[in-house]
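Letter by letter, the sequence shown follows residues -16 to -1, 1 to 650 in mature numbering (1 follows the signal peptide of the UniProt record, and there is no 0).
For glycine and all other residues, C-beta sits at the position ideal for the given N, C-alpha and C.
Since the structure is predicted, the reported quantities are computational estimates derived from the model, not experimental observations.
Working notes, beginning with the structure itself.
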Amino acid sequence: MYLLLIAMPLLGATLAGLLGRKLGAHGTQVVTCICMATTALLSAIAFYEVALCNSSVTVQLPSWLDTGLLAVDWSLAFDALSVSMLLAVTFVSSMVHVYSCSYMAADPHQQRFMSYLSMFTFFMLVLIAGNNYIVLFLGWEGIGVSSYLLINFWFTRVQANKAAIQAMTVNRVGDMFLSIAFFVLFWTTGSLDYASVFAVAPFINEAALTAICLLFLMAAMGKSAQLGLHTWLPSAMEGPTPVSALIHAATLVTAGVYLLLRSSPMLEYAPTALLAVTWVGAITAFFAATTGLLQNDVKRVIAYSTCSQMGYLFMAVGLSQYSVALFHLVNHAFFKAVLFLAAGGVLHSMSDQQDMRRLGGLVNVLPFTYVVMLAGSLSLMAVPYLTGFYSKDLILESGYAAFSFSGHVVYWLGTVTAMLTSFYSFRLISMTFLTTANAAKTQYEKAHEQDLLTMLPLLLLAMLSIVYGYIAKDAFVGVGSDMLASSLFMLPSNVTLVEAEFALSTAIKLLPAIGTVFAAAFALLLYHQQASFTVLMSQHWLGQRMYAFLNSKWYIDAVYNKLIISKSLQLGLVTANVLDRGVIELLGPAGVTHSLHNASNSLAKLDTGVVTHYALYMTISLALLVLLLFLPVFSGVAMHDSTWLFYVPAGLIAVVYCHSVNTAQL
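As C-alpha cells, then:
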C-alpha cells in the first residue's frame, strides 16, 4: 500500500505524458484524477495507521549506490511527520487536479498540463517519504524541474519564460547550499542516512554542526522564498492558477520547511542556527506583509501572503516548536489553496482581469466565490476558531513564552505582521467584491459562477479552512500528545507549549486577535468611507516616500538588478569578447589549426627553386650547426644530461641542411 501511494502519481504522469494523444483530453483527466484520488485515500489510511496508531513503517527497496564509502538505498520512511505532510499534499493536489479539469478545459495542451501536475506531486512525495538525504535530494531537484515546466507552461509568453528562468535560477542558489551541506555532512558523519546521522548528531563538533544547519537554512530559504531568495515567488504567478495553488499551498514552498523539520535532531544542537532561522523568518514575514499592502494584482497579494506565512513557519522552527510549525504548514495548505483557486474563478469570470482596481462589485455576480474566498481570508487572518487561529496564534504565544529577546521579537513583529495581513486581506476582499463596479458592463453580463466540478474542490477546501484546525489541534499540538514524538526531536529546555498555554496573561493572548479585527475594520473604513485619506497620504512627502519604498519591494529587486544582474551581464560581455572570441579562439583547436596553416604557407614560400637561395640556406644552416655543436666546448660547460638542449636543435638544423642539399641537387 505504501509503495502504491508513491507510485500512483507517477503512473498518472506517465500515462498522461506518453499516451495523452490516445487517451484524449477527457481520458487524461479521468486517469490522473483517479490516480490522485487513490493516492489521497491511501494517505488518509497511512495517516491513521502511522500517526494516530503510532506505528511507523519503513519500505526497503533495492540498493541504489554502494561505493564502499557511501551506501544509498531506495528506502522510504513513513512516520508521523511524513504522513501528516502526505495527507495535506495529496488532498490539495487531488483538489487541484479536479479543479483543473474545468479550469483548463479550453487549453489545447491539457494532457501535458495534467502530466506535469502529477509529476510535480510525485516528486514531492519522494521528497517527503525518502529515508535518507539523497532520496530527499532527488525529490528536491524533481520539484524544481517540475515547477519550471509548470510556470513556463504557456511557453509562448515572454513573461512566463522569464518567470520560469528566474524561479529555476534562484532555486539553484539554494540547491548549491544543500549540495555543500551534504558534502560537509558526509565528511563529518560518513553517512547520509537519517537514522545514522541523527544518532551521532549530539556528538558532532558544534562548529561543523552549525555550518551544516546554516547551509540547510540557506537551502530552505531558496525553496521557501525567504528574504533575499524570495524574488521568484511573485513572478511564479505567470503560470496557470492551479499551478500557483499547488506551488504555494502544498509543494514547492513547503519543501524548505520540511527539510528543517526533518533535520530537527541536528538543529536542536545548533543554537546559533536556530537563532538565524528565527530572525530570517521574522524579518521575512514582516517584509512580505508590508510589500503585500500595495499590490494590486489579485494573485500577487496572495503570493506575498504565502511568503509571509512561510516566515511564520521559520519562526516556529527557530523557536524549536516543530509540531506547531507542522500544524500551521498543514493548515496553511488548505486555506491558501482555496484562496488561489477562488482567485482563479474570479479571473475566469472577468476575462483574466487580475488588477483589483478594475474589478469590484462581484459579490452579487459571484456569491459562492465570495463566500469561499472570505472563508480562506478569515482563516489566513487567524480569526478565532477558524483553522489558522489554532496554529498561527500559538506560534506567537510560543515566542512570548520563550521569555527571550528573540522570542519577544517573534511575538511583537509577528503581531504587527498579523495586523498587516488582516489589512491587505480585507483590502483584497473589498476591492474585488464589495466596492463599486469598475469593469466594463459587458464583463459583468458575461460573468457567472463556475460549474460543479470547479465548485466542489472550493467547497471542500473552504470547509477544511474552517474546521480542520479545531479537529486536529489536540493531535498535533495538544499538551501531552505524543503523535509526533518519534519523528520530531526537541530538547526539554526548549519546551514552551505548557507556558504558552497556561502561563501567559489574557492580554498577551488576545492582542493578536484584537489587532487583526481593528486592521480589518480599518481596511473596510478606508476603502468604503474614507477613500480621500489615501489621496491625502499620496500628497504628503512621507506618504510618497513610504509608497515608493513599499511599492518597490524594499528596493531588493533594484539592488539585484544593479549589483548582480547588470554586473553579470557586463562580465558576460567581457568574457565573450576576451575569451570566447579571443584567447580561446587563439589557443583552441581553431587557433592552433590556423597557426599551423600559416606556418606551413610561410615555409612553402622558402622553396623558390633558385639555386643561390638554397646555397644561402645551406650556409646559414651549416654555420648554426657548427655553432650549436661546439658551443658547450667554447663556453666551458661540462658534459652532463642538460647538453641535450644543445644537440636537439642542432639535429633539427642538420635535417634542414640535408634537405636543402638534396633540393639543390635536384
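**Message:** According to DSSP, F62 sits in a beta bridge with which residue or residues?
**Reply:** V41
**Prompt:** What is the DSSP secondary structure of W628, counted as helix, strand or coil?
**Reply:** Caution applies to W628, whose pLDDT of 49 falls short of 50 and renders its modelled position unreliable; the value that the coordinates give is listed next. Looking at W628 - three-state DSSP - the assignment turns out to be helix.
**Message:** According to DSSP, simplified to helix, strand and coil, what is W124?
**Reply:** helix
**Item:** Cβ shell of L169 (< 8 Å), same chain only, five flanking positions each side left out
**Value:** Y117, L176, V181 and I196
**Message:** Between which two residues does the alpha helix (DSSP H) holding W138 run?
**Reply:** Counting along the chain, W138 falls outside any alpha helix (DSSP H), and DSSP gives it neither H nor E.
**Contained alpha helix (DSSP H) runs [length at least 4] in the region 326 to 364, N- to C-terminal order** = 351 to 364
**Local conformation of residue 655 per DSSP, three classes** = As shown, the chain starts at -16 and ends at 650. That puts residue 655 outside it, with no answer to give.
**Request:** For the alpha helix (DSSP H) holding G1, just list the boundary residues, first then last.
**Result:** Y(-15) to L2
**Item:** Residue burial classification, E190 (beta-carbon count within 10 angstroms, cutoff 16)
**Value:** exposed
**Burial state of A487, where buried means 16 or more other Cβ atoms lie within 10 Å** = exposed
**Request:** Output yes or no for whether 8 Å exceeds the beta carbon distance between residue 652 and A402.
**Result:** In this structure the chain extends from -16 to 650, so residue 652 is not present and cannot be described.
**Asked** Using the beta-carbon count (16 or more within 10 Å), is Y374 buried or exposed?
**Response** buried
**Message:** Nearest by alpha-carbon distance to A424: which of L211, L606 and L346 is it?
**Reply:** L346
**Request:** Could you give the DSSP three-state label for N535: helix, strand or coil?
**Result:** helix
**Item:** Inter-residue spacing [alpha-carbon to alpha-carbon] between S477 and D339
**Value:** 49 Å
**Prompt:** Using the beta-carbon count (16 or more within 10 Å), is C85 buried or exposed?
**Reply:** buried
**Message:** Using DSSP's beta-bridge definition, name the partner residues of G114.
**Reply:** L60
**Request:** Scan the region 440 to 471 and note each continuous beta strand (DSSP E) run of 3 residues or more that stays entirely inside, going in chain order.
**Result:** none
**Prompt:** Can you tell me whether H316 is buried or exposed, with buried defined as 16 or more other CB within 10 angstroms of its CB?
**Reply:** buried
**Asked** Are the region 524 to 531 and the region 428 to 436 touching by the rule of at least three beta carbon pairs closer than 8 Å?
**Response** no
**Prompt:** What does DSSP give as the partner residues of A55 in its beta bridges?
**Reply:** D50
**Request:** Below 8 Å on the Cβ atoms is my guess for S292 versus A321; work out the distance and round it to an integer in Å.
**Result:** Actually they do not touch by this definition, with Cβ atoms about 16 Å apart.
**Prompt:** How about G344 and N280: do their beta carbons lie closer than 8 Å?
**Reply:** no
**Request:** Following the continuous alpha helix (DSSP H) through Y395, name the residue where it begins and the one where it ends.
**Result:** F389 to I413
**Message:** Considering only DSSP beta bridges, list what residue 651 is partnered with.
**Reply:** This structure gives no information on residue 651, because the portion of the chain shown stretches from -16 to 650.
**Message:** Assuming the contact rule is C-beta atoms closer than 8 Å, A204 and V154 should be a hit. Round their C-beta distance to whole Å, please.
**Reply:** Rounded, the Cβ-Cβ distance is 13 Å, inconsistent with contact.
**Message:** I'd like the list of long-range same chain contacts for M(-9), defined as Cβ closer than 8 Å, with 5 residues on each side in sequence excluded.
**Reply:** C19, M20, T22, T23 and L26
**Asked** Pick from W263, E381 and A507: whose alpha carbon is nearest that of E483?
**Response** E381
**Message:** So, at 7 Å on beta carbons, what are the nonlocal neighbours of T262 in its own chain, with the 5 sequence-adjacent residues on each side left out?
**Reply:** M299, G302, L303, S390 and V394
**Prompt:** Hey, is S289 close to the ligand FAD, as in C-beta under 7 Å from one of its heavy atoms?
**Reply:** You won't find the ligand FAD in this model; it holds no ligand whatsoever.
**Message:** For L217 and I29, I'd like the C-alpha separation in whole angstroms.
**Reply:** 33 Å
**Request:** Give the straight-line distance between the Cα atoms of D625 and N585, rounded to the nearest whole angstrom.
**Result:** With a pLDDT of 49 at D625, under the threshold of 50, the modelled position of this residue cannot be trusted, and the question is left open.
**Request:** Rounded to whole angstroms, what's the CA-CA distance from Y384 to H392? Just pull it up for me.
**Result:** 5 Å
**Message:** I believe M275 touches M294 by the beta-carbon criterion, under 8 Å. Please report the beta-carbon distance rounded to the nearest angstrom.
**Reply:** Before going further, note that residue 275 is Thr rather than Met in the sequence given. Not confirmed; about 14 Å, so no contact.
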